[in-house]
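S.K.:
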Amino acid sequence: MTSPELDPRMLLLLDWIDHTRPRRLAVVMDPNTERHCLPLISALLPPHTDFLCLSKDGEAIKSIEHAHALWSSLEEAGYDRGSALIGLGGGTVTDLTGFVASTYLRGLNYWLIPTTLLAMVDAAAGGKTGINLGGAKNRIGTFANPSGVSICPQFLSTLPAREIKSGLAEHVKHLLIAHSPEEAFHRLSQLNVDEKLADSDEFAPLIMESIDIKENIVQQDPTEVTGTRQLLNFGHTMGHALESWAMAQGLSLLHGEAVAWGLSTELTLSAARLKKGSPEALKFLALRDELNQKFPCPVTPPVPSELWTWALKDKKNADDAVHMVLLSERGTPLVHQAVTWGEFATACSANTPPSSNPA
Ligand SMILES: NC(=O)c1ccc[n+]([C@@H]2O[C@H](COP(=O)([O-])OP(=O)(O)OC[C@H]3O[C@@H](n4cnc5c(N)ncnc54)[C@H](O)[C@@H]3O)[C@@H](O)[C@H]2O)c1
Ligand SMILES: [Zn+2]
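First residue of the sequence shown? That's 1267 in our numbering, and the numbers climb one at a time after it.
1) Quick one: is Trp1527 buried, meaning 16 or more other Cβ sit within 10 Å of its Cβ, or exposed?
2) Within 8 Å (strictly less), CB to CB, does Met1276 reach chain D?
3) CB Ile1479 to CB Ala1444, shorter than 8 Å?
4) Could you tell me how far apart the beta carbons of Leu1383 and Leu1434 are, in whole angstroms, since I believe they sit closer than 8 Å?
5) Exposed or buried, Pro1562, counting other C-beta atoms within 10 Å across all chains shown (16 or more means buried)?
6) When the Cα atoms are used, what is the spatial distance from Ser1466 to Asn1458?
7) Flag Glu1436 as yes when its Cβ comes closer than 7 Å to any non-hydrogen atom of ligand 2, and as no otherwise.
8) Excluding the five sequence neighbours on either side, which residues of its own chain have a C-beta within less than 6 Å of the C-beta of Ser1446, listed in chain order?
9) Just checking Leu1422 against ligand 1 - is the residue's beta carbon closer than 7 Å to any of the ligand's heavy atoms?
10) With the cut-off set at 8 Å, would you say His1506 and Lys1439 are in Cβ contact?
11) How would you label Trp1607, buried or exposed, when you count the other beta carbons within 10 angstroms and need 16 or more for buried?
12) Is any heavy atom in ligand 2 found nearer than 7 Å to the beta carbon of Glu1525?
13) Report the rounded CA-to-CA distance for Phe1691 versus Ser1530, giving the unit in angstroms.
14) Over what stretch of residues does the alpha helix (DSSP H) that includes Ala1613 continue unbroken?
15) Secondary structure at Thr1268, three-state DSSP: helix, strand or coil?
16) Measure the alpha-carbon distance for Leu1304 versus Gly1355 and round it to whole angstroms.
17) So who's on the other strand from Trp1377, going by DSSP bridges?
18) Within 10 angstroms of its Cβ, does Val1569 collect 16 or more other Cβ (buried), or is it exposed?
19) If you scan the stretch 1358-1410 from start to end, which runs of the beta strand (DSSP E) of 3 or more residues do you find wholly inside it?
20) Tell me whether Thr1503 counts as near ligand 1, meaning its Cβ is closer than 7 Å to at least one heavy atom of that ligand.
21) Counting Cβ pairs closer than 8 Å, one from the stretch 1543-1556 and one from the stretch 1570-1581, do we hit at least three?
22) Do Asn1375 and Gly1393 have their C-beta atoms closer together than 8 Å?
23) Let me know the secondary structure DSSP gives Phe1469 once reduced to three states.
24) Span of the beta strand (DSSP E) holding Phe1317?
25) Is the beta carbon of Ala1537 closer than 8 Å to that of Leu1551?
26) Whole angstroms are fine: how far does the CA of Asn1398 sit from the CA of Asp1316?
27) With 16 as the cutoff for other CB atoms within 10 Å, does Lys1322 come out buried or exposed?
28) Kindly confirm or deny that the stretch 1361-1369 and the stretch 1330-1348 touch, where touching means at least three C-beta pairs closer than 8 Å.
29) Would you give the residue range spanned by the beta strand (DSSP E) that Ala1292 belongs to?
30) Can His1285 be considered in contact with ligand 1, in the sense that its beta carbon sits closer than 7 Å to one or more heavy atoms?
31) Straight-line CA distance for Ile1626 to Glu1481?
32) Expressed to the nearest angstrom, what Euclidean distance is found between the alpha-carbon atoms of Ala1524 and Ala1611?
33) Count the other CB atoms, across all protein chains shown, that sit within 10 Å of the CB of Gln1485; report buried if there are 16 or more and exposed otherwise.
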């Protein structure tokens, strides 16, 4: 964004501030978004705006300690119910800001400005907020829609290539949910995952497609009552188990990287439920192979029993069984699929490359 004041996608934020006239207004950000993103919008903000920069970045900020620090800052500064927050950052900042805004004084208005591709295609849409508990992902949270979301792909110009790729993995999840296996394979094979686009505005169509797919599902089941919304969790039972395990080990694994492995393992599991060698099973395995080739997992997953322990903590579970989203024979995603330990272990082992974790 060369001239932030003129970016039309920020006008709605300005309208919102003009219209709601928050008594106090704070921007929540992490050290990277303070450095790279705040300068692009600071001229737009009212003079009395406060800036709350978290002490770290990444998944570690989705914790009760960081939520507590923000609640305390708001309390000390006298924020009341007429105040508002702006979350400026990736999915960790948007999840935490939404959680803090929706719980402080039973709810403040908030606005999101996602600054990673992952947050633009997924995290900032849909109104889910959350923090982690005991290393398990998103155990505490609320459904609380922001007053608005400003998506400006220009923020992506400072985002490292690895983070861009992580965001593309969530986009691939949307393609798999919304399209036939043939179409999803075609789209995946066309996707350029390693070359950074010179003009980040070129990401705009991909972002809009992802948001459309997500919003369409969210509208059918906003607070996950019927289960339709769980379609968006395709790849996430396995992905979250791997992500939580990696976090506990201190290994570097991004959310989208975990999701890519989760998708390929859940495709393996979906194929294993079909007749071996059938055209449908082969389509799922072709998708799995293409995913693994485009998104090689940067860590070697542990033995399946370790992942099973983490998968048992997944929010979708019921009756002590692991439940996940799997593809039907026709390639349609199905929620509430109870998976046995045997199926789980076979799929994990079949989708684990030789060890490459640091000793
Ligand atoms: N609420 C939801 O519906 C939902 C959906 C998907 C994912 N999520 C959550 O999103 C989180 C992952 O989000 P993420 O991948 O954006 O991670 P992130 O927020 O940790 O951001 C990734 C890194 O990029 C840095 N960064 C952000 N914007 C930047 C920019 N423009 N330039 C340079 N650096 C920048 C951050 O400081 C961080 O180091 C996970 O916790 C996941 O559970 C939530
Ligand atoms: Zn995700």
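Glycine included, C-beta positions come from ideal geometry on N, C-alpha and C. A quick note: this is a predicted structure, and the numbers were derived from the prediction, not measured.
M.R.: In brief:
1) Translated into the one-based positions of the sequence shown, residue 1527 becomes position 261. So Trp1527 ends up on the buried side.
2) Among the chains in the structure shown there is no chain D, since it carries only a single protein chain.
3) Sequence index remark: in the sequence shown, residue 1479 carries index 213 (1-based). Sequence index remark: in the sequence shown, residue 1444 carries index 178 (1-based). A contact, by the Cβ cut-off of 8 Å.
4) For the purposes of this step, residue 1383 is taken as residue 117 along the sequence shown, with counting starting at 1. For the purposes of this step, residue 1434 is taken as residue 168 along the sequence shown, with counting starting at 1. Yes, Leu1383 and Leu1434 are in contact; Cβ-Cβ is about 7 Å, under 8 Å.
5) Residue 1562 sits at position 296 when you count from the first residue of the sequence shown. Pro1562 comes out exposed.
6) Within the sequence shown, the letter at position 200 stands for residue 1466. Within the sequence shown, the letter at position 192 stands for residue 1458. One alpha carbon belongs to Ser1466, the other to Asn1458, and they sit about 14 Å apart.
7) Taking the sequence shown and counting its residues from 1, the one referred to as residue 1436 is at position 170. Checking the Cβ of Glu1436 against ligand 2 gives yes.
8) In the sequence shown, residue 1446 corresponds to position 180, counting from 1. Contacts found: Gly1597.
9) In the sequence shown, residue 1422 corresponds to position 156, counting from 1. A heavy atom of ligand 1 is found nearer than 7 Å to the CB of Leu1422.
10) Position 240 of the sequence shown, counted from the start, is the residue given in the question as residue 1506. Position 173 of the sequence shown, counted from the start, is the residue given in the question as residue 1439. Not a contact, by the Cβ cut-off of 8 Å.
11) Within the sequence shown, residue 1607 is the residue found at index 341, counting from 1. It is exposed - the Cβ of Trp1607 has fewer than 16 other Cβ atoms within 10 Å.
12) Numbered from its first residue, the sequence shown carries residue 1525 at position 259. Before going further, note that residue 1525 is Val rather than Glu in the sequence given. Under cutoff, so the answer is yes.
13) Because residue 1691 is not part of the residues shown, which for the chain are 1267 to 1625, the question remains open.
14) In the sequence shown, residue 1613 corresponds to position 347, counting from 1. Note, Ala1613: alpha helix (DSSP H), 1607-1616.
15) Looking up residue 1268 in the sequence shown gives position 2. Residue confidence is low: Thr1268 scores 38 on pLDDT, short of 50, so the model does not pin down where it sits. Its coordinate-derived value is still stated next. It is coil, neither helix nor strand.
16) Within the sequence shown, residue 1304 is the residue found at index 38, counting from 1. Within the sequence shown, residue 1355 is the residue found at index 89, counting from 1. Straight through space, the alpha carbons of Gly1355 and Leu1304 are spaced by roughly 9 Å.
17) Residue 1377 sits at position 111 when you count from the first residue of the sequence shown. Trp1377 is bridged to Ile1352, Gly1414.
18) Position 303 of the sequence shown, counted from the first residue, corresponds to residue 1569. Exposed is the call here.
19) Listed in chain order, they are 1375-1380, 1397-1399, 1402-1406.
20) Counted from its first residue, the sequence shown places residue 1503 at position 237. Checking every heavy atom of ligand 1 against the Cβ of Thr1503, none is found closer than 7 Å.
21) At 8 Å Cβ cutoff, the stretches do not touch.
22) Counting from 1 along the sequence shown, the entry for residue 1375 is found at position 109. Counting from 1 along the sequence shown, the entry for residue 1393 is found at position 127. In this structure, Asn1375 lies away from Gly1393, with their beta-carbon atoms at least 8 Å apart.
23) Against the sequence shown, residue 1469 aligns to sequence position 203. DSSP places Phe1469 within a helical segment (H, G or I) once states are collapsed to three.
24) Taking the first residue of the sequence shown as 1, we reach residue 1317 at position 51. 1316-1319 is the span of the beta strand (DSSP E), which, as asked, contains Phe1317.
25) Your numbering for residue 1551 matches position 285 in the sequence shown. Your numbering for residue 1537 matches position 271 in the sequence shown. Taking 8 Å as the Cβ cut-off, Leu1551 and Ala1537 qualify as a contacting pair.
26) Taking the first residue of the sequence shown as position 1, residue 1316 is located at position 50. Taking the first residue of the sequence shown as position 1, residue 1398 is located at position 132. Going from the Cα of Asp1316 to the Cα of Asn1398 covers about 26 Å.
27) Residue 1322 sits at position 56 when you count from the first residue of the sequence shown. Lys1322 should be labelled exposed.
28) Because the criterion of three Cβ pairs below 8 Å is met, the stretch 1361-1369 and the stretch 1330-1348 touch.
29) Residue mapping note: residue 1292 aligns to position 26 of the sequence shown, counting from 1. Element bounds for Ala1292: 1291-1295.
30) Numbered from 1 along the sequence shown, position 19 holds the residue referred to as residue 1285. Judged by the Cβ position, His1285 fails to qualify as a neighbour of ligand 1 at the 7 Å threshold, every heavy atom of the ligand being at least this far.
31) Outside the displayed range of the chain (1267 to 1625) lies residue 1626, so it cannot be described from this structure.
32) Along the sequence shown, read from residue 1 onward, the residue named residue 1524 stands at position 258. Along the sequence shown, read from residue 1 onward, the residue named residue 1611 stands at position 345. C-alpha separation (whole angstroms): 17 Å.
33) Here residue 1485 refers to the residue found at position 219 when the sequence shown is read from its first residue. Under the 10 Å beta carbon count, Gln1485 is surrounded by fewer than 16 other beta carbons and is classified as exposed.
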